[in-house]
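Everything below concerns the one structure shown next.
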Ligand SMILES: Cc1ncc(C[n+]2csc(CCOP(=O)(O)OP(=O)(O)O)c2C)c(N)n1
Ligand SMILES: [Mg+2]
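Protein chains in written order, with the working numbering: chain A, 1 to 325; chain B, 1001 to 1275.
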């Protein structure tokens, strides 16, 4: 029942709720921002937006396809719509996104809520760990996955201020306000080096997994390894230059994503390395592309899919030993 | 089974589904309480389906499109012997097959659902197969009223009429609420019966908590030869628990200890009336 109340801004660390506040703030600045809801606002965090801007919330019923094409129409006439539903339901509206939004370069900013493993106990219908496979291959669409609340706020602002379609992946759970540093500025198409203590292992994170990557980096360091951690919130466009720089300096790479290990971050990294002719072993952290996600507490699922910081250490060591390091 | 025996069963079903939701600390409470009387009638009076014939091609099919109300389905299936009720102790736990939405890993469940807007189309496919095979089993599906905003339903309504699927019965759990509020505040559905009629279905209304009335309607399908049948079942979300009734906040609310005790006491008081 907590879901229907408005958590205090300075008391909640859940990204969904901070998203609701951030979007409400932006709508105070930009007259033409509207949010579009398909009956999940009390879960997605849009109920906070509704609280501040009841007139700027468009309710379309439980109709995700409708929601996306309606948003395209709203954008055509000058609104900046932020349609939001569970990320899993983008499987339903992929064609609307592809045709109505991306093909026509409409100024729609889709918010995919509850991405990856963090949906609770709902089971495979509600979990979204395969969708980047298509989202990252839709022309004109920018795809961003912030890892902390400060970054999420900057990403929303960038989306509002940059003309064209965006897809923003938002987690449900608590995250730190700033994982990167007080001076950090998100830039579309850019990754950021978070720590750099040597050249044995390169960790590459996106979204929520920055947290796990930071913990793993500390554990690897205490085992005597030099570690560099790059965070890539911008998946499309992707910062191939930062990747090439890392690949030229470290011995092995491990990618970390709140998504399956095919079609998402790992695929971007592998494609980019192959294209540049950069040969370097890459280990992966993420879910199994052949599996429908099980039900269970997030901690059970993270253990099941071997996505904890200890798993990162293990994969890094295995990748190094395979490479003879 | 007499009507009163069914009514007593409904109270026990309510007690059990609340018990397992409480235990799992998760579940779709309001919608399960809304549809459990309908499931009671279907499984105890209408459907030719049992653990013994579940694999047989001639069995009747029930497909729950509003998959989120799976707790109601679980307790009814357990009561019908599809699995031991104790299995529900594992509801929503890691590695349990008793997930928060229906899956075919659970004995008795026909189809995986939970993303809304799939069940009617699937049911049309099954009913169409029966027609093609000359089989005489019947197909039943349960839809949420909020769910009707999904356009896929209206595509399926057209197809069912096109193929004259009078072996198909859809029931709408018309509780006027969805997840975040009233259906009519988010996507106006009325005049609903007229819409179904205009799509070529034969439509009747009934009180979805009145087991006798639901039995009468379900026993008289198809309402018209050559047409699919639709029952708009008037229901109350959260039915049976005073403080849950007609409050959308109980859609997926889990009672705290005190609320849980009160809910069980209210149900016990209802049971006492039958003694
Ligand atoms: C495609 C899809 N969109 C959204 C949801 C989230 N959701 C689950 S139940 C629900 C409300 C359903 O309302 P209704 O169909 O009226 O069911 P009931 O009132 O009987 O619970 C919503 C929005 C979903 N499961 N699937
Ligand atoms: Mg309803």
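Note that beta-carbon positions come from the ideal geometry of N, C-alpha and C, so glycine has one too.
Item: Would you say residue 1108(B) lies against chain A (beta-carbon separation less than 9 Å)?; Value: no
Item: Below 8 Å, is the gap between the Cβ of residue 1184(B) and the nearest heavy atom of ligand 1?; Value: no
Item: Along chain A, which residues have their Cβ under 8 Å away from the Cβ of residue 1187(B)?; Value: 59, 60, 61, 62 and 63
Item: Decide yes or no for the touch test of the stretch 172 to 179 of chain A against the stretch 197 to 212 of chain A: beta carbon pairs closer than 8 Å, at least 3 of them.; Value: yes
Item: Check the Cβ of residue 297(A) against every Cβ in chain B and list those closer than 7 Å, keeping chain order.; Value: 1094
Item: Can you give the Cα-Cα distance for residue 48(A) and residue 114(A), rounded to whole angstroms?; Value: 16 Å
Item: Under 8 Å Cβ to Cβ from residue 1155(B), same chain only, skipping five residues before and after it: list those, please.; Value: 1121
Item: Going along chain B in order, which residues have a C-beta closer than 7 Å to the C-beta of residue 300(A)?; Value: 1094
Item: Are the CB atoms of residue 206(A) and residue 242(A) within a distance shorter than 9 Å?; Value: no
Item: Are three or more beta carbon pairs between the stretch 79 to 90 of chain A and the stretch 38 to 57 of chain A nearer than 8 Å?; Value: yes
Item: Here's a check: name, in chain order, each residue in its chain whose Cβ is nearer than 8 Å to the Cβ of residue 228(A), leaving out the five neighbours to either side.; Value: 193, 195, 196, 197, 198, 199, 201, 202, 203, 246, 249 and 250
Item: Tell me whether residue 1095(B) counts as near ligand 2, meaning its Cβ is closer than 8 Å to at least one heavy atom of that ligand.; Value: no
Item: Go to residue 261(A), then tell me how far its beta strand (DSSP E) extends in each direction, as first and last residue.; Value: Neither: residue 261(A) is in no beta strand (DSSP E) and is coded neither H nor E.
Item: Is residue 287(A) close to chain B? Criterion is C-beta to C-beta, closer than 9 Å.; Value: no
Item: Looking only at its own chain, which residues have a Cβ that is under 6 Å from the Cβ of residue 93(A), when we skip the five neighbours before and after it?; Value: 64, 65 and 68
Item: Is residue 1159(B) near ligand 1, going by C-beta to nearest heavy atom under 8 Å?; Value: no
Item: Quickly, what does DSSP pair residue 1061(B) with across the bridge? List them, please.; Value: 1139(B)
Item: What do you reckon, are the CB atoms on residue 34(A) and residue 59(A) nearer than 9 Å?; Value: no
Item: Starting from the N-terminal side, write out each stretch of the beta strand (DSSP E) that is 3 residues or longer and does not extend beyond the stretch 136 to 175 of chain A.; Value: 142 to 144 and 166 to 169
Item: Using only alpha-carbon positions, find the residue among 1002(B), 1225(B) and 1254(B) that is nearest to residue 1166(B).; Value: 1225(B)
Item: Quick check on the burial criterion: 16 or more other C-beta atoms within 10 angstroms. Buried or exposed for residue 1190(B)?; Value: exposed
Item: Hey, would you say residue 145(A) sits closer than 9 Å to residue 289(A), going by beta carbons?; Value: no
Item: With a floor of 3 residues, list each beta strand (DSSP E) that falls wholly inside the stretch 1063 to 1143 of chain B, ordered by position along the chain.; Value: none
Item: According to DSSP, what are the bridge partners of residue 85(A)?; Value: 112(A)
Item: Would you report the Cα separation of residue 1229(B) and residue 271(A), rounded to the nearest angstrom?; Value: 53 Å
Item: Run the CB neighbour count on residue 1100(B), radius 10 Å, all protein chains shown included, and call it buried at 16 or more, exposed below.; Value: buried
Item: Is there contact here, the stretch 1112 to 1131 of chain B with the stretch 1067 to 1077 of chain B, by at least three beta-carbon pairs under 8 Å?; Value: yes
Item: Under a CB-based cut-off of 9 Å, is residue 1142(B) close to chain A?; Value: no
Item: Would residue 222(A) be called buried (16 or more neighbouring beta carbons within 10 Å of its own) or exposed?; Value: exposed
Item: Shorter than 8 Å, the distance from the beta carbon of residue 1145(B) to the closest heavy atom of ligand 2, or not?; Value: yes
Item: In chain order, what residues of the stretch 29 to 53 of chain A put their CB closer than 7 Å to some CB of chain B?; Value: 39, 40, 41 and 42
Item: Is the Cβ of residue 236(A) closer than 9 Å to any Cβ of chain B?; Value: no
Item: With a cut-off of 9 Å, does the C-beta of residue 89(A) fall near any C-beta of chain B?; Value: yes
Item: Mind reading off the beta-carbon distance from residue 1103(B) to residue 1238(B)? Whole number of angstroms is fine, and I expect it under 8 Å.; Value: The Cβ separation is near 25 Å, so there is no contact.
Item: Can you grab the Cα-Cα spacing for the pair residue 184(A) / residue 150(A), in whole Å?; Value: 9 Å
Item: For a quick check, are the C-beta atoms of residue 1072(B) and residue 1035(B) less than 9 Å apart?; Value: yes
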